[in-house]
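K.L.:
Numbering (our numbering), first residue to last: 254 to 625. Glycine included, every Cβ here is placed at the ideal spot set by N, Cα and C.
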Amino acid sequence: MTITPTSCQHLPSATLSLVIPCYNEEKTLARCVDRVLEIADSSLQLEIIIVDDGSRDNSLKVALELAANHPQIKVLQQPRNLGKGAALRAGFAEATGDFVAVQDADLEYDPRDLKRLLVPLREGRADVVLGSRFLTTEVHRVFRFWHALGNRFLTLLSNMFTDLNLTDMETCYKVFRRDVIQQITLRENRFGFEPEVIAKLARLRLRIYEMGISYFGRSYEEGKKIGIRDGFRALYCILKYNLPQAPPVIQFFFYTLISTLAAIANLLFFLLFFHFGWGAGLAAPAAFILAAIVNYLLCIKIIFRHRARWSSSGELVAYSLVVAGVCLYDWWCTSFLLMHGLSPATAKIVATGTGLILNFLGRRYFVFPEKS
């Protein structure tokens, strides 16, 4: 069924809180707000929260003038440019409507689509509705190929972890029941907000819907801000906010990658110390300790949740105990296999392989146990 604005009149009355993060958008902010105001009707009231994110142009002045002329507009001011995610956090905390939506301050999205996105929410069939730029027959500006491919790749990777079947994880148009978005603790300051919020919504097992929307993307010359650095950050955020709850097999795969990096660091540190005249008796343990630190830092940055059970100091003690225990196991296993006739290379490979598994199990269930 095609949902049109006129077909929405039978729906129960509702208030939509629209959070507009704004950074250097003086040229488009007023027109964006005018278009948003046009979607209000007898059954849909608006609360518009403009969050100026330390703009260096006249965006704040424009926002304050809009608020002076429209009582439904509230303006928040960030102390400095903190990023889209930080601006959205501030706006979500101030929202009082039945539903909360994100609206960029540029003109890439058509606010009329919000009325259609709201229908499953107003009918009580959905908790979250996302607008997809790919799942649509609506008009949209042709994407840059590599930008669109990057979006699809990030969406695919996110879906693999969240077990959702989204077509556009990075979309701006996300509409939530207010109680849903306000119960989620968000941490990302920039565009990492998108994969973070999807990961945390997926864990709540909500009723998530997706609908096609129109899209009028800007070029970088026209003011588009997201760049390749944000793409890599999104990739990191997908791992960071999904891996702690991923099945052990997936966690072990990524732990193996981290262990490989730590082993490379071990070798490089050893060669560096040896180059500067350290003896093997000093260079080897120093390199091992630094590699263990690299392993620990990568674990808490990517796979496991920091301070899941222990305080910071307690976690370090627990981690050190696991490392020491596996180190003793490696010595015992290698010696035992050598005594039973295995070659040195075979004995060491077996000890290292089983030690890798023990290391992972110790981290997952003792050092960083994920709470249910």
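#1: Could you tell me which of Ala-577, Leu-525, Lys-493 and Thr-587 sits nearest to His-559, measuring between CA atoms?
#2: Does the beta-carbon distance from Ser-312 to Leu-271 come in below 8 Å?
#3: Identify, in the order they occur along the chain, each residue of the same chain with its Cβ nearer than 8 Å to the Cβ of Leu-535, setting aside the five sequence neighbours on each side.
#4: Taking all protein chains shown into account, do 16 or more other C-beta atoms lie within 10 angstroms of the C-beta of Ile-576, making it buried, or fewer, making it exposed?
#5: Considering just the uninterrupted stretch of the beta strand (DSSP E) at Tyr-462, what are its terminal residues?
#6: Taking the CB atoms as reference points, tell me whether Leu-299 and Leu-269 lie closer together than 8 Å.
#7: Between Asp-306 and Leu-335, is the Cβ-Cβ spacing less than 8 Å?
#8: So, at 7 Å on beta carbons, what are the nonlocal neighbours of Leu-611 in its own chain, with the 5 sequence-adjacent residues on each side left out?
#9: Which parts of the region 370-420 are runs of the beta strand (DSSP E), unbroken and 3 residues or longer, counting only runs that do not cross its ends?
#10: Identify whether Ile-292 lies in helix, strand or coil by the three-state DSSP scheme.
#11: Thr-349 lies in the alpha helix (DSSP H); which residues open and close that run?
#12: Please report the distance separating the alpha-carbon of Arg-369 from that of Asp-351.
#13: Following the continuous beta strand (DSSP E) through Ser-596, name the residue where it begins and the one where it ends.
#14: Taking only heavy atoms of the ligand ZN into account, decide whether any of them is closer than 7 Å to the Cβ of Arg-405.
#15: Can you list, in chain order, the residues of its chain whose CB lies under 7 Å from that of Arg-443, leaving out five sequence neighbours each side?
#16: Which class does Glu-447 belong to by DSSP, given the choice of helix, strand or coil?
#17: Just how far apart, CA to CA, sit Phe-387 and Asp-421?
#18: Take Tyr-572 as the anchor and find which of Arg-616, Ala-499 and Ala-452 has the nearest alpha-carbon.
#19: Contact defined as beta carbons within less than 8 Å: I believe Phe-557 pairs with Pro-497. What is the distance between those atoms, to the nearest angstrom?
#20: Take the Cβ of Ala-515 as the centre, count every other Cβ of all protein chains shown within 10 Å, and call the residue buried at 16 or more, exposed below.
#21: Going by beta carbon distance, what residues of the same chain come within less than 8 Å of Gly-608, once the five residues before and after it are set aside?
#22: Below 8 Å between beta carbons: does that hold for Val-570 and Leu-590?
#23: For Ile-437, I'd like the list of residues in its chain whose CB is within less than 6 Å of its CB, leaving aside the five on either flank, ordered along the chain.
#24: Starting from Lys-427, trace the beta strand (DSSP E) both ways and give me its first and last residue.
#25: Taking Glu-423 as the reference, give the member of Asp-380, Gln-435 and His-400 with the closest Cα.
#26: DSSP has Pro-274 in a bridge; who is on the other side?
#27: Where Asp-366 and Leu-409 are concerned, what is the direct C-alpha to C-alpha distance, given to the nearest angstrom?
#28: For Lys-327, name the three-state secondary structure that DSSP assigns.
#29: Nearest CA to the CA of Glu-278: which residue from Pro-373, Ser-308 and Gly-470?
#30: Under the assumption that Pro-324 contacts Val-304 (Cβ atoms under 8 Å), give the Cβ distance between them as a whole number of angstroms.
#31: Pick out whichever of Tyr-276, Glu-291 and Val-450 has its Cα sitting closest to the Cα of Val-315.
#32: Relative to the alpha-carbon of Ile-553, which residue among Gly-567, Gly-532, Phe-621 and Ala-544 has its alpha-carbon at the smallest distance?
#33: Return helix, strand or coil for Gln-498, following the three-state DSSP convention.
#34: From the DSSP output, in three-state form, read off Thr-438 for me.
P.N.:
Quick answer:
#1: The shortest Cα separation from His-559 among Ala-577, Leu-525, Lys-493 and Thr-587 belongs to Lys-493.
#2: Between Ser-312 and Leu-271, the CB-CB gap reaches or exceeds 8 Å.
#3: These residues qualify, in order along the chain: Phe-526.
#4: Residue 576 is actually Val in this sequence, not Ile. Its Cβ being crowded by 16 or more others within 10 Å, Val-576 is buried.
#5: Element bounds for Tyr-462: 461-465.
#6: Against a cut-off of 8 Å, the Cβ pair of Leu-269 and Leu-299 comes out as a contact.
#7: At a Cβ-Cβ threshold of 8 Å, Asp-306 and Leu-335 count as neighbours.
#8: Only residues of its own chain outside the window of five on either side were considered, and among them Val-579 and Tyr-582 have a CB closer than 7 Å to the CB of Leu-611, listed in chain order.
#9: Every beta strand (DSSP E) of 3 residues or more that sits fully in the region 370-420 is shown, in chain order, as 381-385.
#10: For Ile-292, the three-state secondary structure derived from DSSP is coil.
#11: For Thr-349, there is no enclosing alpha helix (DSSP H), since its DSSP letter is neither H nor E.
#12: In a straight line, the C-alpha of Arg-369 is about 16 Å away from that of Asp-351.
#13: It is not in any beta strand (DSSP E) - Ser-596 carries neither H nor E in the DSSP assignment.
#14: Ligands in the displayed structure: none, and consequently the ligand ZN is not present.
#15: Excluding positions up to five away in sequence, the list reads Gly-336, Lys-337, Gly-338, Asp-483 and Arg-486.
#16: Reduced to three states, the DSSP call for Glu-447 is helix.
#17: Rounded to the nearest angstrom, the two C-alpha atoms are 7 Å apart.
#18: Distance check between Tyr-572 and each of Arg-616, Ala-499 and Ala-452 places Arg-616 closest, using alpha-carbon atoms only.
#19: Taking the Cβ atoms as the reference, Phe-557 lies roughly 6 Å from Pro-497, within the contact range of under 8 Å.
#20: Its Cβ being crowded by 16 or more others within 10 Å, Ala-515 is buried.
#21: Non-local C-beta neighbours of Gly-608 in its own chain, meaning closer than 8 Å and more than five positions away in sequence, comprise Val-579, Tyr-582, Asp-583 and Cys-586, ordered along the chain.
#22: Result no, Cβ atoms of Val-570 and Leu-590 do not sit closer than 8 Å.
#23: If we look at Ile-437 and ignore the five residues flanking it on each side, its Cβ neighbours are Lys-453.
#24: Where Lys-427 is concerned, the enclosing beta strand (DSSP E) starts and stops at 427-430.
#25: Nearest of Asp-380, Gln-435 and His-400 to Glu-423, Cα basis: His-400.
#26: Beta-bridge pairing links Pro-274 to Val-304.
#27: Distance between the alpha carbons of Asp-366 and Leu-409: 24 Å.
#28: Strand at Lys-327.
#29: Across the set Pro-373, Ser-308 and Gly-470, the C-alpha of Ser-308 shows the shortest separation from the C-alpha of Glu-278.
#30: For Pro-324 against Val-304, the beta-carbon gap comes to about 18 Å, at or over 8 Å, which does not count as contact.
#31: Among Tyr-276, Glu-291 and Val-450, the Cα nearest to that of Val-315 belongs to Tyr-276.
#32: By alpha-carbon distance to Ile-553, the top candidate from Gly-567, Gly-532, Phe-621 and Ala-544 is Phe-621.
#33: Note: Gln-498 maps to helix in three-state DSSP.
#34: Here Thr-438 sits in coil by DSSP.
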